[in-house]
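A short write-up of the structure that comes next.
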Amino acid sequence: MPRIVTVSLAASSLPHSALCIGSLAENLAGDGPIHLLTDTPRDEEQLRRAFADQPRIKVFHSDPLWEDPRNPMRDHAGLNKLREGHPCWRKLTDPMLLAADGDEVVVIDPDVYFPRPFDFEEVPDGTLRLMWQKPNCLLPHSVVQRAFDLGVDMADHVDIGVAQYRSPLDLDWLDWLAKSLGDLPWIMHVEPIFWAALAMRMGGGYLNPERWYCWANTQWKRVQKKVGTSPLRMLQGEDFRTCLAFHAGGEAKKWLADPDAEALLKQLAAAPGGKPLPEATILPFVRFTPQRFRWLQRRTKLLRSAGYYRLIRG
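Structure (structure tokens):
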């Protein structure tokens, strides 16, 4: 089956994304192309120059692809509006511009590092695979509540470092959701709400988090940053011995821009030991319930009133 591997990014992310995309080109099985989608001709040119010595990497300015009369998404007002929002939201639409019906699409964030040779498993028709993360990043709460009011089920623990499906997504339903949620705040976190809703509608599951690892900003890590632990020292605290992918979300992506990060990551990946990987590669999606949503809101209010965020975040 044809597989369309895509990364949506701006040239401004190159300080960290160059390392991540380079690791993808080096370690992904086969010699198939890796498609970079960007928003402006200037970014297109900068990305072409940055990856000129990597023949697997193909760069596209996505706007001309979107304006092609053969693009069926142009006829959906909600999808047009979604695409005109935060640049991260284009990961829901633009990868399909390169795919024919039935093609497998892999959407990868530009801050996902691949430490060793790997390949993606084939996705059955009609299902979705996403990464798993420990915290819940479905924000803002007002949009999550709107989705609940619409009767939309969402998956919990959704991380969109990698999304994998067969094209196309259900365009009519995605268009309905974009229109029904109304005016959306211009923030990146709205994107996972759509993926979480697609997960429960399409079925599928999480890529095993012990193989496909998402960095989590845990309480201990917050304390480490507060006392001034260096970025490279923070990276040394992660286990790269058996994982296939490391999503350096949040602040962690900045650490990959350190000139010594690549050598350190290769050293950590080659370290001996590491627990055996479980046989299960896909874990079922877990529904995000209104009860858990209300509990998380109460917890946030309690922590804020207790001064926790002022203490930890400075």
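In this note's numbering, each residue's number is its place in the sequence shown (first place is 1) plus 1114. Note that CB positions come from ideal geometry on N, CA and C, so glycine has one too.
- Message: If I follow the unbroken beta strand (DSSP E) through C1134, where does it start and stop?
- Response: Sequence index remark: in the sequence shown, residue 1134 carries index 20 (1-based). First-last for C1134: 1128-1141, but that is the alpha helix (DSSP H), not the beta strand (DSSP E).
- Item | Those residues which DSSP pairs with Q1168 across a bridge | Translated into positions along the sequence shown, residue 1168 becomes position 54. DSSP output for Q1168 lists no bridge partner at all.
- Item | Same chain, Cβ closer than 6 Å to F1262, five either side skipped, listed in chain order | Within the sequence shown, residue 1262 is the residue found at index 148, counting from 1. Counting only Cβ-Cβ distances below 6 Å, and skipping sequence neighbours, we find P1404.
- Query: Taking the C-alpha atoms as reference points, what is the distance between P1282 and G1342?
  - Reply: In the sequence shown, counting from the first residue as 1, residue 1282 sits at position 168. In the sequence shown, counting from the first residue as 1, residue 1342 sits at position 228. Those two C-alpha atoms are separated by around 46 Å.
- Task: Let me know the secondary structure DSSP gives G1428 once reduced to three states.
- Result: Counted from its first residue, the sequence shown places residue 1428 at position 314. Residue placement at G1428 is flagged as unreliable, the pLDDT there being 42, under the threshold of 50; the coordinate-derived value follows with that caveat. It is coil, neither helix nor strand.
- Task: Could you name each continuous beta strand (DSSP E) segment of 3 residues or more that falls completely within the stretch 1300-1381, going from the start of the chain to the end?
- Result: Restricting attention to beta strand (DSSP E) runs no shorter than 3 residues, the stretch 1300-1381 encloses them at 1318-1321, 1326-1328, 1359-1361, ordered along the chain.
- Which of the three DSSP states, helix, strand or coil, is assigned to A1124? For the purposes of this step, residue 1124 is taken as the residue at position 10 of the sequence shown. Coil at A1124, not helix or strand.
- Message: Which of the three DSSP states is assigned to F1174 in this structure?
- Response: Mapped onto the sequence shown, residue 1174 falls at position 60. Three-state result, F1174: strand.
- Check whether the stretch 1344-1352 touches the stretch 1299-1317, counting contact only when three or more Cβ pairs, one atom from each stretch, lie closer than 8 Å. Look at the beta carbons and you see the stretch 1344-1352 not touching the stretch 1299-1317: under three pairs across the two are nearer than 8 Å.
- Message: For a quick check, are the C-beta atoms of L1370 and P1229 less than 8 Å apart?
- Response: Indexing the sequence shown from 1 puts residue 1370 at position 256. Indexing the sequence shown from 1 puts residue 1229 at position 115. No.
- Message: If I follow the unbroken beta strand (DSSP E) through L1244, where does it start and stop?
- Response: The residue given as residue 1244 occupies position 130 in the sequence shown. Where L1244 is concerned, the enclosing beta strand (DSSP E) stretches over 1242-1246.
- Reduced DSSP category for L1288 - H, G, I as helix; E, B as strand; rest coil: As a working note, residue 1288 is residue 174 in the sequence shown. In this structure, DSSP gives L1288 a helical state, which the three-state scheme calls helix.
- DSSP-derived helix/strand/coil call for G1192: Your numbering for residue 1192 matches position 78 in the sequence shown. In the structure shown, the three-state DSSP call for G1192 is helix.
- Item | Residue of G1364, D1372, T1154, L1298 minimising C-alpha distance to A1330 | As a working mapping, residue 1330 is identified with position 216 in the sequence shown. Checking every option, the nearest Cα to that of A1330 belongs to G1364.
- Message: Pairs of beta-carbons, one from the stretch 1182-1201 and one from the stretch 1155-1165, closer than 8 Å: are there three or more?
- Response: no
- Candidates S1176, L1417, D1225: closest to A1447 by CA position: Lying outside 1115 to 1428, the shown extent of the chain, residue 1447 is not represented and no answer is given.
- One or two residues paired with L1150 in a DSSP bridge: Taking the sequence shown and counting its residues from 1, the one referred to as residue 1150 is at position 36. For L1150, which the question treats as bridged, DSSP gives the partners V1121, V1173.
- Message: Quick check: what's the CA-CA separation for D1233 versus A1420?
- Response: Residue mapping note: residue 1233 aligns to position 119 of the sequence shown, counting from 1. Residue mapping note: residue 1420 aligns to position 306 of the sequence shown, counting from 1. Distance between the alpha carbons of D1233 and A1420: 46 Å.
- Alpha carbon of H1190 to alpha carbon of D1289, nearest angstrom: On the sequence shown, position 76 is the one that residue 1190 refers to. On the sequence shown, position 175 is the one that residue 1289 refers to. Between H1190 and D1289, the C-alpha separation is close to 6 Å.
- Item | P1404 - containing alpha helix (DSSP H), residue span | By 1-based counting over the sequence shown, the position of residue 1404 is 290. P1404 -> alpha helix (DSSP H) spans 1404-1419.
- Can you name, in chain order, every residue of its own chain whose Cβ lies under 6 Å from the Cβ of R1388, other than the five neighbours on each side? Counting from one through the sequence shown, the residue named residue 1388 turns up at place 274. One point to set straight first is that residue 1388 is Gly, not Arg, in the sequence displayed. Cβ within range, chain order: R1355, T1356.
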